[in-house]
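Single-structure report; data block below.
Protein chains: 2
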Amino acid sequence: MKTVLTVLMSCMLSAGAIAAPANDPATLGQIRDAAMKSDYAYERLADMTDLIGPRLSGSPGAAAAVEQVAAAMRKLGATVTLQPVKVPHWVRGAETAELVDYAGRPAGLSQRVVLTALGGSGATPAAGLTAPVIVVRDFDELKARAAEVKGAIVLFDVKFDQEMADRGLAGPAYGNGSRYRTLGPKIASQMGAAGFLVRSVGGADFRIAHTGATALSEADRIPAAAVTAEDSMLIARLSKRGPVKMHLTLTPQNLPDADSFNVIADLPGTDKADEIVVVSGHLDSWDLATGANDDGTGVAGAMGVLQTLKALNLKPRRTIRMIAWMNEENGTRGGAAYHAANKDSILKQFAAMESDSGGGRPFGILASVEAKAEKHFAPVMAALQPIGAGVFTRRDHVGAADLALLEKDGVPLFQPQVDTSTYFHYHHTPADTLDKVDPENLRRHVAVMSTLSWYLANMEQPLGRAPVVEK
Amino acid sequence: MKTVLTVLMSCMLSAGAIAAPANDPATLGQIRDAAMKSDYAYERLADMTDLIGPRLSGSPGAAAAVEQVAAAMRKLGATVTLQPVKVPHWVRGAETAELVDYAGRPAGLSQRVVLTALGGSGATPAAGLTAPVIVVRDFDELKARAAEVKGAIVLFDVKFDQEMADRGLAGPAYGNGSRYRTLGPKIASQMGAAGFLVRSVGGADFRIAHTGATALSEADRIPAAAVTAEDSMLIARLSKRGPVKMHLTLTPQNLPDADSFNVIADLPGTDKADEIVVVSGHLDSWDLATGANDDGTGVAGAMGVLQTLKALNLKPRRTIRMIAWMNEENGTRGGAAYHAANKDSILKQFAAMESDSGGGRPFGILASVEAKAEKHFAPVMAALQPIGAGVFTRRDHVGAADLALLEKDGVPLFQPQVDTSTYFHYHHTPADTLDKVDPENLRRHVAVMSTLSWYLANMEQPLGRAPVVEK
């Protein structure tokens, strides 16, 4: 109740501020403070995760999420468009595995292995398949053991580098592991493997499997799964004692592409309404959890931007466009659809922001702007300094998945910088749930995204183009 | 190789020490050092967990473990006896649950709940049952809502007190939660509940369910499961929005009691061979994991005691008896069988030790001896001080499950004191696996158990009786 009153009072107090210079410190501070007092984003996140649950592309959950987000944005008074996206439709099936033979096995015993199918995985026969497991550490070792691969199940036992993630390099640590998950199945398939396993790419050891995308296509589809770190280590240890044989059952289905949508909600600009500032997160999640951090916080944060500005009755010069992307996880078809629809007027895409690193504590902003544009951001960083989010980091390339094509065409990208040290503990596992999100950090998240969106939508200075196109 | 040589050299050096006062500092130090250089216990733990896997009473894994431990002890030259124990035989079946109705549910959606059946749980019909869920925090609230219980699924949403566990009170923290798991199903059943759920009793949140025993009997058997902390919180949140309905499928079987064994391996004493010092752990585990910490480290530690003393060619005055107990987890029938066989000569049970708090770093010894006996332990604590395990804590009651009847009859109990701050993260979950055990901590564990066993087996002073009988 107090929160609502405070926001209402802010609205009334700010009525005069609309006419003031749009990017003055008072307005930026007002936006930050309003976001820090609002539970709107957390409530949207709770609705998305608690009421709907998982939202994998093509699933009933994804469809319900499109409706829920669109309805919430309409309720705010935003201009809502559903942009059609044809998405891959992969459905998880049974998934079990047992080690049925290994040196030292007591007669009659088998060992259960905990695993989960990877996106795009093919199916085994319904009764499973039995094959030897060969354990490798990298692609070179795989190639060196090509003769053993045919008919075998290949396991990449690559440890996630949590120490690297702890040093603030969670993204690169993830990249080092996820390339085996993404490319490994295709390469193993082309070498004649009967199946593919990867040690889960993530940093906590609670015998939970981390799913994720693969580069598999119809031409090379084989059964592919992530095993838990514990089971990967077990198989590696048993392999040192002698040959290991596994019975593997995976029955996912690769169905025809399904109809889905990006949810687009505009807060129309005033004198520069045709120029667009995108603020976004992705609405689809993996199917094992409710995707609170990946990427519920990104979508809720972007929704929170519109709510914050609406509550303050602030009208931006450029249009601020909230997008809840569809299909980031296993195809990025949503990002491709938006780019295709806008590539002929790409200069009208002034800037684009995606939050997709979870709801950890934000400490600043990452941007792919020209070096000479960096100085323009001093006012917004000053406004964010009181909440500990005043670090501006420029890079030539930001690389948010749904925005990659825009960035390639020169649209400067922005991303909240957040603490990701525990992000990959839960990433793509059943444990990515609402309780992992701290409401105060989500408020900070909305404060960062709102203040920056407003600033971008009103800035006078030229922003230039993303450096990535200049190379 | 170095380790073997060192042990051989220790043997040769110790040949003269056998005749020396048995509890002199040199011999105690020699035992500690030999244990700290040996991989024997870790190798036994690896064999037990990696080669066999889970060892629930009545399972093929438990039978294989009896054989494996007996064979290893015979190989050491110990006198091995298999003591028959009739054990409960409970077998896990399918276990799934979905929230099929709740306020705000999008049409056609249901939410998956992650849970695992509790030991002794009854079964639902094969197709499951559907019932409202009522969420309570304690027995008083359950009683206050008696009218709602009939035909409902009762959920105890009680948060594990990790902060208490972090303060070194993991056992009491566990007790505060586990009483709802143990007694709750019976009480709910007697009040007419259709099913019982408890929030997992444990301190880490990775959406893993912690199983455990219940007090259910044939007269009151209902379906009973542990839900993950995340799912318990989800149901509690949804309950605040309105009524919640669950479809629950649990198909475990309660089979007739099965034949099993305690494995008893004696290192016979010299002049006081009829007096027994028990050193033990329990061989059975829950069925979800390989029971590395619960209680593989206890059994491996006890096996390590015999190996350490054998390797040094040390002959104790009293008989040191390694026991790998059967059925600690869901019946403590092994402890009962041993007590029944020895109760008429209970004074011959000089002392008994069980390690059942996992393989965390040991810092000392816990003992239920008379206050006046405490001073006798100075030499053994001095020997353990260099490995950081010199803390002696006396209590009137130690309470190791398999030794409870012995203690009640006056046998002084001993237990290694270990760091348990993360023990309940993994306890009774699929994640209690070999990788969680630090080999160096296991060596320290063996050092503590070996040094103390030897000391007890040779002590001249009267030990007295456990204070528990004096009350």
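Chains A and B, in that order, are what the protein sequence lines are. Per this note's numbering: the first sequence = residues 1 to 471. Per this note's numbering: the second sequence = residues 1001 to 1471. The C-beta atom is built at its ideal place from N, Cα and C for all residues, glycine as well.
Quick one: is Q1253 (chain B) buried, meaning 16 or more other Cβ sit within 10 Å of its Cβ, or exposed? exposed
Looking at the strands, I want to know which residues DSSP matches up with G364 (chain A). A:V391, A:Q417
Residues sharing a beta bridge with R318 (chain A), DSSP: A:K272
Can you tell me whether L456 (chain A) is buried or exposed? The criterion is at least 16 other CB atoms within 10 Å of its CB, across all chains shown. buried
Anticipated Cβ contact below 8 Å, A225 (chain A) with A131 (chain A), distance rounded: Incorrect: roughly 13 Å between the Cβ atoms, too far for contact.
Neighbouring residues, chain B, relative to D419 (chain A) (Cβ below 9 Å): Here the premise fails: no neighbours, minimum Cβ distance about 18 Å.
Verify the CB distance criterion: does A19 (chain A) have a CB-CB separation below 7 Å to chain B? Note that A19 (chain A) scores a pLDDT of 42, beneath 50, so its modelled location is shaky; the value from the coordinates is reported in the next line. Chain B, which has no Cβ nearer than 7 Å to the Cβ of A19 (chain A), makes this no.
What does DSSP give as the partner residues of F1083 (chain B) in its beta bridges? Before going on, a small fix: residue 1083 (chain B) reads as Gln here, not Phe. Answer by DSSP bridge pairing, in chain order: B:N1262.
Hey, does D1050 (chain B) have any beta-carbon neighbour from chain A nearer than 7 Å? yes
When A:G464, A:A126, A:L384, A:G184 are compared against D140 (chain A), the one with the closest alpha-carbon: A:G184
Under 7 Å Cβ-Cβ, which residues of chain A neighbour E1218 (chain B)? Near E1218 (chain B) there are no residues of chain A at all, since even the closest Cβ is about 29 Å away, more than 7 Å.
Would you mind telling me which residues of chain C sit closer than 7 Å to F261 (chain A), beta carbon to beta carbon, in chain order? Among the chains of the structure shown, chain C does not appear; the protein chains present are A and B.
Under 7 Å between C-beta atoms of A1041 (chain B) and A1300 (chain B): yes
Rounded to whole angstroms, what's the CA-CA distance from A229 (chain A) to I208 (chain A)? Just pull it up for me. So the two alpha carbons sit approximately 8 Å from each other.
Please identify, using Cβ separations under 9 Å, the residues of the stretch 1421 to 1441 of chain B that lie next to chain A, in order along the chain. H1425, Y1426, T1429, P1430, A1431, D1432, T1433, L1434, D1435, K1436
What does DSSP give as the partner residues of D1101 (chain B) in its beta bridges? B:K1245
L1306 (chain B) versus B:S1239, B:G1061, B:A1072, residue with shortest Cα-Cα distance: B:A1072
Residues near R465 (chain A) in its chain [Cβ-Cβ closer than 8 Å; skip 5 each side]: E370, G410, V411, P412
Would the beta-carbon of F1156 (chain B) fall within 7 Å of that of G1203 (chain B)? no
Neighbouring residues, chain A, relative to M1502 (chain B) (Cβ below 7 Å): Residue 1502 (chain B) lies beyond the range of chain B shown here (1001 to 1471); nothing can be said about it.
Here's the rule: buried if 16 or more other CB atoms are within 10 angstroms of the residue's CB, otherwise exposed. What is H475 (chain A)? The structure shown does not extend to residue 475 (chain A), since chain A is modelled only from 1 through 471, so no value can be given for it.
Suppose contacts are defined by Cβ-Cβ distances below 7 Å. Is G53 (chain A) in contact with Q1190 (chain B) by that definition? no
Counting only beta-carbon atoms, is M990 (chain B) nearer than 7 Å to chain A? This structure cannot settle anything about residue 990 (chain B), because the visible part of chain B is limited to 1001 through 1471.
The alpha helix (DSSP H) enclosing Q1030 (chain B), as first and last residue numbers: 1025 to 1036
CB of A1094 (chain B) within 7 Å of CB of V1080 (chain B), strictly: The Cβ atoms of A1094 (chain B) and V1080 (chain B) do not sit closer than 7 Å to each other.
Are any of the Cβ atoms in chain A nearer than 7 Å to that of L1456 (chain B)? no
Does chain B have any CB closer than 7 Å to the CB of M1 (chain A)? Confidence in M1 (chain A) is poor, its pLDDT being 40 and thus under 50, which makes the residue's placement unreliable; the coordinate value appears in the next sentence. Cβ-Cβ to chain B under 7 Å: no for M1 (chain A).
Cβ atoms of A1165 (chain B) and S1476 (chain B): under 7 Å apart, would you say? The structure shown has nothing for residue 1476 (chain B), since chain B only spans 1001 to 1471.
How should G1175 (chain B) be labelled, buried or exposed, when 16 other C-beta atoms within 10 angstroms of its C-beta is the threshold for buried? exposed
Could you tell me whether the stretch 1349 to 1356 of chain B touches the stretch 1275 to 1291 of chain B, using the rule of 3 or more Cβ pairs below 8 Å? Contact between the stretch 1349 to 1356 of chain B and the stretch 1275 to 1291 of chain B is present: three or more C-beta pairs spanning the two stretches fall below 8 Å.
Less than 7 Å separating the beta-carbons of K1186 (chain B) and D1138 (chain B)? no
Beta carbon of R317 (chain A) nearer than 7 Å to that of K272 (chain A): yes
Excluding the 5 residues preceding and the 5 following A170 (chain A) in the sequence, name in chain order all residues of the same chain whose CB lies nearer than 7 Å to its CB. Excluding its 5 nearest sequence neighbours in each direction, A170 (chain A) has C-beta neighbours in its own chain below 7 Å: T420, S421, Y423, F424, listed in chain order.
By the DSSP assignment, the beta strand (DSSP E) with P1223 (chain B) in it spans what residues? Element bounds for P1223 (chain B): n/a, residue is neither H nor E.
Does T109 (chain A) have its Cβ less than 7 Å from a Cβ in chain B? In the sequence as presented, Thr is not what sits at residue 109 (chain A); that position holds Leu. Interface residue, yes.
Candidates B:A1034, B:K1143, B:D1284: which alpha carbon is nearest P1060 (chain B)'s? B:D1284
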